[in-house]
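Asks: Residues -11 to 139 (the numbering used here) make up the sequence shown, in order.
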Amino acid sequence: MIYDDISYIHRYKGIHPDLDSAISYLESQDIKQLQEGRHRILDDKIVLFIQKNRLSKDSNETFEYHKRYADLHLLLEGSESIAYGQGACQYLGDFKDQEDIGFMSCDQSIALVLGAGQFAYFYPEEAHQPNGFNHAGEEVVKCLIKVLMTQ
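1. For L64, which option in S97, L7 and A104 has the closest C-alpha, if you only look at C-alpha atoms?
2. Mapping DSSP to helix, strand and coil, what is S47?
3. Can you list, in chain order, the residues of its chain with a C-beta nearer than 6 angstroms to that of S1? Leave out the 5 residues immediately preceding and following it.
4. Which word fits E114, buried or exposed, when buried means at least 16 other C-beta atoms lie within 10 angstroms of its C-beta?
5. In angstroms with no decimal places, state the Cα-to-Cα distance between P118 and I70.
6. I need the boundaries of the beta strand (DSSP E) containing E87, first residue and last residue.
7. Could you give the distance in angstroms between the alpha-carbon of T138 and the alpha-carbon of R28?
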């Protein structure tokens, strides 16, 4: 997991070629001008979503994870808490290969608070729980980038 400010995202080039392409895209485009919805950046290797999300105030012990894609959550407006699952984690139910999503419970978590211009990057298999309420408004505008890490 990576948690940082967008002004330092260049530091993470070299981790994976498709992440490099996603970073170059973020550095060269004004993503705040993109319309809400799905945008293909590099075939199915890099897919960007502009989302207006309602934050959840509910306590939830279920985390999501992915096998093929990493998630880069970049906050554009508002403040969001994303829980990062740690400790002993247990898979819950079957993994959905088509959607590249599964769920798990973890006995520990760390709250990552994202404000505008901050991002969190979750590698495949890392448990995370986005869209958490952070006492600063009930909606956020964010950019979610899915980066293919495995074929």
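Ideal Cβ positions, reconstructed from N, Cα and C, are used throughout, including at glycine.
Replies: In short:
1. A104
2. coil
3. Note that residue 1 corresponds to Lys in the displayed sequence, not to Ser. Correct list, in chain order: D8 and I11.
4. buried
5. 4 angstroms
6. Taken as a continuous stretch (DSSP letters only), E87 belongs to no beta strand (DSSP E), as it is neither H nor E.
7. 18 angstroms
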